[in-house]
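Chemist:
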Amino acid sequence: MIEVKVAGIAMDSSNMPIIILKDEQGKRVLPIWVGLFEAQAILFALEGIISPRPLTHDLLKTIIETVGVSVHGIVINAIQDNTYFAKIELQVNGHLEEIDSRPSDAIALALRTAAPIYVSDPVLSMATMPQTPIDDNEVEAFKDMLKDLKPKDISLL
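Reminder that position 77 of the sequence shown reads as 77 in full-length UniProt numbering, one-by-one numbering, no gaps.
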């Protein structure tokens, strides 16, 4: 397993958000396509934006902490038919429990709890690409789009 960081968010040619994960050496980049709401949750965590009311991942973090559990880390552990799979590792009463998760939800939770993000070696071998710079204009355009996003806009997708 290799630890990765969220390097940013970009948009593909069809305006779908992509979470860009990068290894600590900066040699490999793993793009993960996510939905708009998940991208917004990840962007809020990256930017330190606090919603007036708890978003789903904020609520999950509060519940986890309230019951005395901690997020040990998350692992993006498989890719099948172009779909990534992840596990959230929870520290519960001195042992680890693994919970199946979408990578986007696991990443949003990891960012909120300062938990490490890992990618398994097989996923890295299959899905990473050489690092290419993220265009700052793409990041700004995505932030602008999310800022103005309303629930009725999602129903049009």
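Here a beta-carbon is modelled for each residue, glycine too, at the ideal position from N, C-alpha and C.
Could you tell me the alpha carbon to alpha carbon distance between Ala-110 and Asp-144, rounded to whole angstroms?
Modeler: Using only the alpha carbons, I get a separation of about 24 Å.
Chemist: Can you give me the C-alpha to C-alpha distance between Ala-141 and Gly-94, rounded to a whole angstrom?
Modeler: The straight-line gap from Cα to Cα measures roughly 44 Å.
Chemist: Mapping the DSSP letters down to three states, classify Pro-122 as helix, strand or coil.
Modeler: The answer is helix: DSSP assigns Pro-122 an H, G or I state.
Chemist: Go ahead and label Asp-81 buried or exposed: buried means 16 or more other beta carbons lie within 10 angstroms of its beta carbon, across all protein chains shown.
Modeler: That one is exposed.
Chemist: So within the UniProt domain "BFN" (1-131), which uninterrupted alpha helix (DSSP H) runs reach at least 4 residues, ignoring any that extend past its ends?
Modeler: Fully enclosed alpha helix (DSSP H) runs of 4 or longer: 36-47, 56-66, 103-113 and 121-127.
Chemist: Any idea if Pro-54 is buried or exposed, counting beta-carbon neighbours within 10 angstroms, 16 or more meaning buried?
Modeler: Classification for Pro-54: exposed.
Chemist: By the 10 Å Cβ neighbour count, where 16 or more other Cβ atoms means buried, how is Thr-66 classified, buried or exposed?
Modeler: Exposed is the call here.
Chemist: Let me know the secondary structure DSSP gives residue 166 once reduced to three states.
Modeler: With the chain covering 1 to 157 only, the question about residue 166 has no answer from this structure.
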